[in-house]
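Quick note: the sequence shown uses our numbering, first residue 1, plus one each step.
Backbone N, C-alpha and C define an ideal beta-carbon position, used for all residues, glycine too.
Quick caveat: nothing in here was measured; it's all calculated off a predicted structure.
Step one of this worksheet: look at the structure below.
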Amino acid sequence: MSITGIGRLTSPYYQQLSTGKKINSAADDAAGLAIAEKLLRQSNGYDVGTRNAATASDMLKVSDGALSSITDSLQRIRELGLQAGNTAIYGPDELDSIQQEIDQLKDQISSVASNTQFNGKNLLDGSAGGLHVASGPDGSGSTLQMPNSTLEQLGIADFDVRSGNFDLSAIDKALDMVSGSRSSLGAQSNALDHVMNFNQYASYNTTASRSRIEDLDYGKAVSDLKKNQILEEYRLHMQKKQNEEFGRVIQLYQF
Numbered sequence: 001m002s003i004t005g006i007g008r009l010t011s012p013y014y015q016q017l018s019t020g021k022k023i024n025s026a027a028d029d030a031a032g033l034a035i036a037e038k039l040l041r042q043s044n045g046y047d048v049g050t051r052n053a054a055t056a057s058d059m060l061k062v063s064d065g066a067l068s069s070i071t072d073s074l075q076r077i078r079e080l081g082l083q084a085g086n087t088a089i090y091g092p093d094e095l096d097s098i099q100q101e102i103d104q105l106k107d108q109i110s111s112v113a114s115n116t117q118f119n120g121k122n123l124l125d126g127s128a129g130g131l132h133v134a135s136g137p138d139g140s141g142s143t144l145q146m147p148n149s150t151l152e153q154l155g156i157a158d159f160d161v162r163s164g165n166f167d168l169s170a171i172d173k174a175l176d177m178v179s180g181s182r183s184s185l186g187a188q189s190n191a192l193d194h195v196m197n198f199n200q201y202a203s204y205n206t207t208a209s210r211s212r213i214e215d216l217d218y219g220k221a222v223s224d225l226k227k228n229q230i231l232e233e234y235r236l237h238m239q240k241k242q243n244e245e246f247g248r249v250i251q252l253y254q255f
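Given below as structure tokens:
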């Protein structure tokens, strides 16, 4: 009888000690459970938002690396254009050789613009447009604007030094466009870094709040368990004493 009585009284404490949580079912604390589940949903949302923002940041870095390659090609084209402008020395044959290298550089720019991808999505050919990043815990976020860096968009598809009246400022404008695109990607990447920092901070504090509601204070739980065990043993002992006294009274009446 004593073992059964103590077991009934202390079983919730054993469950809490084994799980490390003071709320294991709605019966333990219905309101607390509802709040803890809502906080869990929110902290999970912040964590996923952080991962989404980190992935988007990686995508921007891939784009920036590709634009850096395009910048190098444009700088070399500009050097060749300046060289071709020295008509006092260079004739048609030399200009043909210079243009061959320029055409190779243009093909390289076109290849980078057409083939730079992230997870199968083209980034620099103008097809990406605005890409939504679900960085918030509720699916909200920001839209990333991806650049168009094709030869046509840069305005150098027909650049040819053999014409004799080529415009070197077209290369300068293309360089300015690529530099502007890289600046925009850098600003967007910095914004994502701020979002990730905020999400991590918010997730930490949300998790801490849920922990205060849901997690068990082991020291207090063990103390309460021992206290209730002692009280139950004392109650059973007193009940046993009362039964013995009652038995002696019955025996007196029988005589």
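query	result
Same chain only: Cβ atoms within 7 angstroms of S76, ignoring 5 sequence neighbours per side	Rather than Ser, the amino acid found at residue 76 in this sequence is Arg. Cβ within range, chain order: L105.
Backbone CA spacing between G186 and S135 [nearest angstrom]	17 angstroms
Extent of the continuous alpha helix (DSSP H) run through L151	151-154
Close beta carbons around Y218, own chain, < 6 angstroms, minus the five adjacent residues each side	Since pLDDT at Y218 reaches only 44, below the 50 mark, its modelled position is unreliable, and no value is offered.
First and last residue of the uninterrupted alpha helix (DSSP H) at S140	Premise fails: S140 is in no alpha helix (DSSP H) and is neither H nor E.
Among S110, A36, P147, T143, nearest to L123 - alpha-carbon criterion	P147
For M196 and L67, the rounded distance between their alpha carbons	25 angstroms
Proximal residues to E101 (C-beta, below 7 angstroms), its chain only, five neighbours per side dropped	L80
Through-space distance from T150 to G129, alpha-carbon basis	14 angstroms
Cβ-based neighbour list, M177, same chain, cut-off 7 angstroms, excluding 5 preceding and 5 following	L154
Beta-carbon spacing of S114, D125 below 8 angstroms	yes
Alpha helix (DSSP H) segment containing L95, residue limits	92-115
Beta carbon of S43 nearer than 8 angstroms to that of R182	no
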